Amino acid sequence: MRRRIDLQRFPAEKTCLKFEIATVEGGVAHYWIVDNDEGLELCITDPGFPVDLYVTTDVRTLTLVSNGDLSLRAMIEDGRIDLHGPTRLVQAFPSWLQLNMFAGVPAAG
Numbered sequence: 031m032r033r034r035i036d037l038q039r040f041p042a043e044k045t046c047l048k049f050e051i052a053t054v055e056g057g058v059a060h061y062w063i064v065d066n067d068e069g070l071e072l073c074i075t076d077p078g079f080p081v082d083l084y085v086t087t088d089v090r091t092l093t094l095v096s097n098g099d100l101s102l103r104a105m106i107e108d109g110r111i112d113l114h115g116p117t118r119l120v121q122a123f124p125s126w127l128q129l130n131m132f133a134g135v136p137a138a139g
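One gets the working numbering by counting positions in the sequence shown from 1 and adding 30 to each.
Next up, the structure:
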C-alpha cells in the first residue's frame with residue numbers, strides 16, 4: 031500500500047497513518063505508514079509516533095478500492111472506509127491513494 035501513495039500530494043510534515051483493517055477471519059490487522067527521510071515506511075508494529083490519521087475498513091473493501099472496482103470517495107461517504115483525524119487530512123486522503131497498477135485491466139477469460 032505504501033507504494034501506492036502519491037508522495038507529491040502526501041503532507042510535507044511528518045505524518046503517521048494507522049490502518050485498522052478487519053480481516054476475513056474476524057480479526058483486525060494494524061498497520062502504520064510513517065514518512066521518513068527516504069520516503070514512506072510501512073510498519074507492522076507500532077512505531078511509537080502520534081497517529082495523525084486513522085483509517086478503518088475491511089480487507090475486501092480496501093482490495094476492491096485498490097483494484098479500481100469501487101470508488102474510494104464513495105466508500106468513505108458510505109462509511110465502509112472511516113477516517114478519523116484533522117479535517118485537512120481527512121479531506122486530502124483520497125488524493126494520496128493511487129490505484130493498483132493493474133486497475134482497469136480487463137480480466138482474462
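Even glycine gets a Cβ: it sits at the ideal position worked out from N, Cα and C.
Quantities reported herein were computed from a predicted structural model and do not represent experimental measurements.
Neighbour-count burial assignment, L102, 16 or more Cβ in a 10 Å radius: buried
Might you give, ordered along the chain, the residues of its own chain that have their beta carbon closer than 7 Å to the beta carbon of G115, omitting 5 neighbours on each side? D82, L83, Y84
Do C46 and V64 count as a contact pair if the criterion is CB distance below 8 Å? yes
L92 in three-state terms, based on DSSP: helix
Closer than 8 Å by C-beta to V89: which residues in its own chain qualify, once you throw out the five before and the five after it? Chain order, please. I51, A52, T53, V54, A59
So for L113, helix, strand or coil by DSSP? strand
Could you tell me the alpha carbon to alpha carbon distance between Q38 and N66, rounded to whole angstroms? 14 Å
Measure from the alpha carbon of S96 to the alpha carbon of each residue in D76, I111, Q128, then state which is nearest. Q128
Taking the continuous beta strand (DSSP E) assigned at I63, which residues delimit it? 58–66
Any idea what DSSP makes of V120, helix, strand or coil? helix
Cβ-based neighbour list, F123, same chain, cut-off 7 Å, excluding 5 preceding and 5 following: L83, L113
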